[in-house]
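Residue numbers (this note's numbering), protein chains in the order written: chain A, 1 to 74; chain B, 101 to 174.
Think of the CB as a built atom: it goes at the ideal place given N, C-alpha and C, for glycine as much as any other residue.
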DNA sequence: ATGAAATGTAAAGTATACTTTACAATACTA
DNA sequence: TAGTATTGTAAAGTATACTTTACATTTCAT
C-alpha cells in the first residue's frame, strides 16, 4: 500500500505522453535523472520550484496546469 | 559578499508590502516560519513548489508572477 | 518468440529547504 | 526619546528533493 504522497499532484505523465517523450528524454531535457521523473510522476514527492519551471517549459504547459495543490492535507 | 543565490528570483517582498503584511504575518498565513520568508525574500534559496503555491494563494498572485526562473545560470 | 526500449523498485548518499532558538539592528509610534 | 514592532544575522538540527548505481519487470517492434 502506497507510502506517503505529497500535497501536490501532477499531470506530468499525461503531458509527457502527449509530447511522445520517454521518462529518460524528459529527464534529460529538464536536467534531472530518470529517477526524479519516476518518483514525481508517482507522487512520491513534489518537485522543487525550479524543476517545476523547467518541466513547464519543456512540456509547454503552465505550472498551474501541470501541478495541483491540495490544501486539505493532514 | 553575498553568498549563493538560487536560479529563481521573486517579488514576494513587493507583493507582501502591497498587502500590508509583515514577514511574521505572511509566514503565519503560509504556514512557515519567519526565517523561511526572510531567506526567500533575500534570494538565499528558492521555496518548495508547495510553499510557492501557498504564497501565491495568500498574496493573490499567480506563481509565474511571484517567481521568475533564470535559465541562464552557471 | 526474441531482443531492445521503456518503466519500475530499492537503497545509500548528497544538497538544500525549512525549523528552532537566540540575539542584534532598524523603523515606527506615543 | 523610550518602548515596541519589524527586519536581520547566525548556527545547528531535521525533512526531503535529487543523485547514483544496480537490477527487475513490462512493452513494443521485428
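Task: Opening and closing residue of the beta strand (DSSP E) in which residue 109(B) lies - done: To locate residue 109(B), count along the second chain from 1; it is residue 9. Note, residue 109(B): beta strand (DSSP E), 108-110.
Task: Beta-carbon proximity of residue 62(A) to residue 55(A), cut-off 8 Å - done: Translated into positions along the first chain, residue 62(A) becomes position 62. Translated into positions along the first chain, residue 55(A) becomes position 55. No.
Task: Short Cβ contact (8 Å threshold) for residue 170(B) with residue 107(B) - done: As a working mapping, residue 170(B) is identified with position 70 in the second chain. As a working mapping, residue 107(B) is identified with position 7 in the second chain. Yes; because the gap between Cβ atoms is below 8 Å, this pair is in contact.
TODO: Could you tell me which chain A residues have their CB closer than 9 Å to the CB of residue 164(B), listed as they occur along the chain?
DONE: Taking the first residue of the second chain as 1, we reach residue 164(B) at position 64. Simply 53, 56, 62, 63 and 64.
Open item on the list: Taking 8 Å as the threshold (C-beta atoms), are residue 16(A) and residue 59(A) in contact?
Closed with: Start at 1 with the first residue of the first chain, and residue 59(A) comes out as number 59. Start at 1 with the first residue of the first chain, and residue 16(A) comes out as number 16. In this structure, residue 16(A) lies closer than 8 Å to residue 59(A) by Cβ.
Open item on the list: Any beta carbon of chain B sitting closer than 8 Å to that of residue 37(A)?
Closed with: Against the first chain, residue 37(A) aligns to sequence position 37. No, its Cβ sits nowhere closer than 8 Å to a Cβ of chain B.
Task: Sequence ranges, alpha helix (DSSP H) only - wholly within the stretch 123-158 of chain B, length at least 4 - done: Secondary structure remark: continuous alpha helix (DSSP H) runs of at least 4 residues inside the stretch 123-158 of chain B, in chain order: 123-130, 134-141 and 149-158.
TODO: Measuring only between beta-carbons, confirm whether residue 49(A) sits less than 8 Å from chain B.
DONE: For the purposes of this step, residue 49(A) is identified with residue 49 of the first chain, where counting begins at 1. Chain B contact via Cβ: present.
TODO: Identify the contact partners of residue 107(B) in chain A, using a Cβ-Cβ distance below 8 Å as the criterion.
DONE: Along the second chain, read from residue 1 onward, the residue named residue 107(B) stands at position 7. Result: 50.
Open item on the list: Within 8 Å of any Cβ in chain B, is that where the Cβ of residue 74(A) sits?
Closed with: Within the first chain, the letter at position 74 stands for residue 74(A). Confidence is the limiting factor: at residue 74(A) the pLDDT is only 45, short of 50, which leaves the residue's position unreliable, though a coordinate-based value still follows. Not closer than 8 Å to any Cβ of chain B, the Cβ of residue 74(A) fails to qualify, so no.
Open item on the list: So residue 52(A) and residue 37(A) are supposed to be a Cβ contact under 8 Å. How far apart are they, rounded?
Closed with: The residue given as residue 52(A) occupies position 52 in the first chain. The residue given as residue 37(A) occupies position 37 in the first chain. Incorrect: roughly 13 Å between the Cβ atoms, too far for contact.
- [ ] Below 6 Å CB to CB, which residues in the same chain sit around residue 2(A) once its five sequence neighbours on both sides are set aside?
- [x] Your numbering for residue 2(A) matches position 2 in the first chain. At residue 2(A), the pLDDT of 48 sits below 50, so the modelled position is not reliable; the number obtained from the coordinates is stated separately. Hits under 6 Å: none found.
TODO: Please name the residue in 144(B), 110(B) and 139(B) whose C-alpha comes closest to that of residue 124(B).
DONE: By one-based count along the second chain, residue 124(B) stands at place 24. The residue with the shortest Cα to Cα distance from residue 124(B) is 139(B).
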